[in-house]
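Notes follow once the structure below has been shown.
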Amino acid sequence: MELIPIIRPTLPSLKSVTETLCKSYESGLVTLGRVVASFEKLSCDYTETRHAVAVSSCTSGLILAYAAMGFQEGAEVIVPSFTFAATVQAVHWNRLTPVYVDCLAGSMALDPDEVEKAISPRTAAICPVTIFGLPPDMDELERISEKHGIPMICDSAQGLGSRYKGRPAGGFGICEVFSLSPTKVITAIEGGLITTNDNELAQKLVRMRDYGKGPDGEDMVLNGLSARMSELHASVGLLSLENAQHLVDSRKRLIMKYRDVAARLPGCRVQEFPEDRSTSGNYFTLLIGSSARADRETVRFRLKAENIESKRYFHPPVHCQTAFRKLPHRVVGDLPNTMASARESLALPLFSHMTEAQLSRVRGVLENVLGSR
149 MELIPIIRPT
159 LPSLKSVTET
169 LCKSYESGLV
179 TLGRVVASFE
189 KLSCDYTETR
199 HAVAVSSCTS
209 GLILAYAAMG
219 FQEGAEVIVP
229 SFTFAATVQA
239 VHWNRLTPVY
249 VDCLAGSMAL
259 DPDEVEKAIS
269 PRTAAICPVT
279 IFGLPPDMDE
289 LERISEKHGI
299 PMICDSAQGL
309 GSRYKGRPAG
319 GFGICEVFSL
329 SPTKVITAIE
339 GGLITTNDNE
349 LAQKLVRMRD
359 YGKGPDGEDM
369 VLNGLSARMS
379 ELHASVGLLS
389 LENAQHLVDS
399 RKRLIMKYRD
409 VAARLPGCRV
419 QEFPEDRSTS
429 GNYFTLLIGS
439 SARADRETVR
449 FRLKAENIES
459 KRYFHPPVHC
469 QTAFRKLPHR
479 VVGDLPNTMA
489 SARESLALPL
499 FSHMTEAQLS
509 RVRGVLENVL
519 GSR
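Each residue of the sequence shown is one higher than the last, beginning at 149 in our numbering.
Here you go:
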């Protein structure tokens, strides 16, 4: 029986990648060259922002974004705990202190009320996270940011292709950082993208992704990283971004079919989609409550028996993970929604070229294990 993976990148043809890369490859300028520049230009157009800085990963982009802001060591960054570890790793690599706050029960996105409660004299930044492709309440978070004079550095790893009140992701906060890894809707195989409308920040990031080099290429004027994007990765990213609408729309159609199935599974629920925002469709998660016919582990076991992958996501919450319990942090409250989401959520197979037959196999297991008797 063929494996149905939880996610599989929908890649442009190898021929088109080769044709896009060819001139750069032959010239020997294989990093930060013409294709990277073209990819950054298209990214600006797509996100409706002034600047796009291509980097080696979302994590390196977040590390550079915090570093470029020049926050004092030990300053606090408000983050959700219901997120991927990289959100917090970037904070710790800058010797900053994460402050974990709860998510909302429905959308599972950062709770603005909890953010405001968590603000202290040491708060340097707020880090909203796009959850499974769905943006948080950006209006309310930006209101809090402006009220307290605290910048937002947005971990939008899963968000390229999402929209908030008609605006594409990319222009919120001081910057947004996207992932282009193989698990994302729009991929460069590996890579990341920082978008911003702040000219000074963009200039810093361009230098810092290339060690911090000054104009002469010899004097390091900033403390940076080797976080450049290669022409190969930019070629895949450029072609993927040109096909973004199809990639996103395909996933949205699949998600709607999953949601129809979930509506017939007692004790189960799905992520709430507020009417003012649109998901990129990065993941579909089923939340399996205590009143469901079977628990999450049973569902995972039955899916695996049918050669179907699934993933507890995000599990465990970041503040409960071994590495981060040992590092400086602060937790605001008991995070009940975070704990419930981590306990119940199960990510199911989703990719832009997923077939109806594959979806039907997943549906069959879910209905058999969780459906009404």
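Just so you know, even glycine gets a beta-carbon here, dropped at the ideal spot from N, CA and C.
Range of the contiguous alpha helix (DSSP H) that encloses residue i
{"i": "Thr109", "result": "The chain is shown only over 149 to 521; residue 109 falls outside these bounds and no answer can be derived."}
{"i": "Asp408", "result": "Ala392 to Ala410"}
{"i": "Leu518", "result": "Glu504 to Leu518"}
{"i": "Ile292", "result": "Met286 to His296"}
{"i": "Phe587", "result": "In this structure the chain extends from 149 to 521, so residue 587 is not present and cannot be described."}
{"i": "Ile486", "result": "Checking the displayed sequence, the identity of residue 486 turns out to be Thr instead of Ile. Run containing Thr486: Pro484 to Glu492, per the alpha helix (DSSP H) assignment."}
{"i": "Glu150", "result": "Run containing Glu150: none; DSSP gives neither H nor E here."}
{"i": "Ala257", "result": "Neither: Ala257 is in no alpha helix (DSSP H) and is coded neither H nor E."}
Proximity below 8 Å, CB of residue i to CB of residue j
{"i": "Arg509", "j": "Glu423", "result": "no"}
{"i": "Val517", "j": "Arg450", "result": "yes"}
{"i": "Ala375", "j": "Val203", "result": "yes"}
{"i": "Arg399", "j": "Ser500", "result": "yes"}
{"i": "Tyr461", "j": "Ser439", "result": "no"}
{"i": "Ile298", "j": "Ile267", "result": "yes"}
{"i": "Pro414", "j": "Arg444", "result": "no"}
{"i": "Asn430", "j": "Phe280", "result": "yes"}
{"i": "Cys416", "j": "Ile403", "result": "no"}
{"i": "Val277", "j": "Gly309", "result": "no"}
{"i": "Leu386", "j": "Thr195", "result": "no"}
{"i": "Phe432", "j": "Leu498", "result": "yes"}
{"i": "Cys275", "j": "Ile301", "result": "yes"}
{"i": "Ser255", "j": "Gln419", "result": "yes"}
{"i": "Gly181", "j": "Glu379", "result": "yes"}
{"i": "Ile129", "j": "Ser458", "result": "The requested residue 129 does not occur in the structure, where the chain is confined to residues 149 to 521."}
{"i": "His296", "j": "Glu338", "result": "no"}
{"i": "Val91", "j": "Glu515", "result": "Here the chain comprises residues numbered 149 to 521, so residue 91 is not present and cannot be evaluated."}
{"i": "His463", "j": "His477", "result": "no"}
{"i": "Leu210", "j": "Ala238", "result": "yes"}
{"i": "Ala216", "j": "Leu349", "result": "yes"}
{"i": "Asp285", "j": "Ala257", "result": "yes"}
Environment of residue i [buried if 16+ CB atoms lie within 10 Å]
{"i": "Lys352", "result": "buried"}
{"i": "Thr335", "result": "buried"}
{"i": "Ala200", "result": "buried"}
{"i": "Arg473", "result": "exposed"}
{"i": "Ala317", "result": "buried"}
{"i": "Leu341", "result": "buried"}
{"i": "Thr207", "result": "buried"}
{"i": "Pro228", "result": "buried"}
{"i": "Gln393", "result": "exposed"}
{"i": "Asn485", "result": "buried"}
{"i": "Val369", "result": "exposed"}
{"i": "Leu151", "result": "exposed"}
{"i": "Ser428", "result": "buried"}
{"i": "Ser242", "result": "A small fix is needed here, since residue 242 is Asn in this sequence, not Ser. The residue in question, Asn242, is buried, as its Cβ has 16 or more Cβ neighbours within 10 Å."}
{"i": "Leu162", "result": "exposed"}
{"i": "Ala505", "result": "exposed"}
{"i": "Met149", "result": "exposed"}
{"i": "Asp482", "result": "exposed"}
For residue j and residue i, believed in contact at Cβ under 8 Å, the rounded distance
{"i": "Ala223", "j": "Leu244", "result": "5 Å"}
{"i": "Ser489", "j": "Phe230", "result": "5 Å"}
{"i": "Thr197", "j": "Gly319", "result": "5 Å"}
{"i": "Ser383", "j": "Val183", "result": "5 Å"}
{"i": "Asp259", "j": "Cys251", "result": "6 Å"}
{"i": "Arg425", "j": "Leu212", "result": "Rounded, the Cβ-Cβ distance is 27 Å, inconsistent with contact."}
{"i": "Phe219", "j": "Ala253", "result": "Not confirmed; about 31 Å, so no contact."}
{"i": "Pro246", "j": "Val225", "result": "6 Å"}
{"i": "Pro160", "j": "Pro330", "result": "Wrong, their Cβ atoms sit about 13 Å apart, outside the cutoff."}
{"i": "Tyr248", "j": "Val479", "result": "5 Å"}
{"i": "Lys405", "j": "Leu507", "result": "6 Å"}
Where the beta strand (DSSP E) containing residue i begins and where it ends
{"i": "Tyr248", "result": "Thr245 to Val249"}
{"i": "Val418", "result": "Cys416 to Val418"}
{"i": "Ile301", "result": "Ile301 to Asp303"}
{"i": "Ala442", "result": "No beta strand (DSSP E) contains Ala442, which DSSP labels as neither H nor E."}
{"i": "Thr271", "result": "Thr271 to Ile274"}
{"i": "Ile279", "result": "Looking at the DSSP string, Ile279 is not in any beta strand (DSSP E), and its letter there is neither H nor E."}
{"i": "Leu435", "result": "Phe432 to Ile436"}
**OP:** Enumerate, from N- to C-terminal direction, the unbroken beta strand (DSSP E) stretches of 3 or more residues contained entirely within the region 311-387.
**Re:** 323-327 and 340-344
Subject >> alpha helix (DSSP H) runs contained entirely in the region 166-240, provided each spans 4 or more residues >> reply: 182-195 and 206-217
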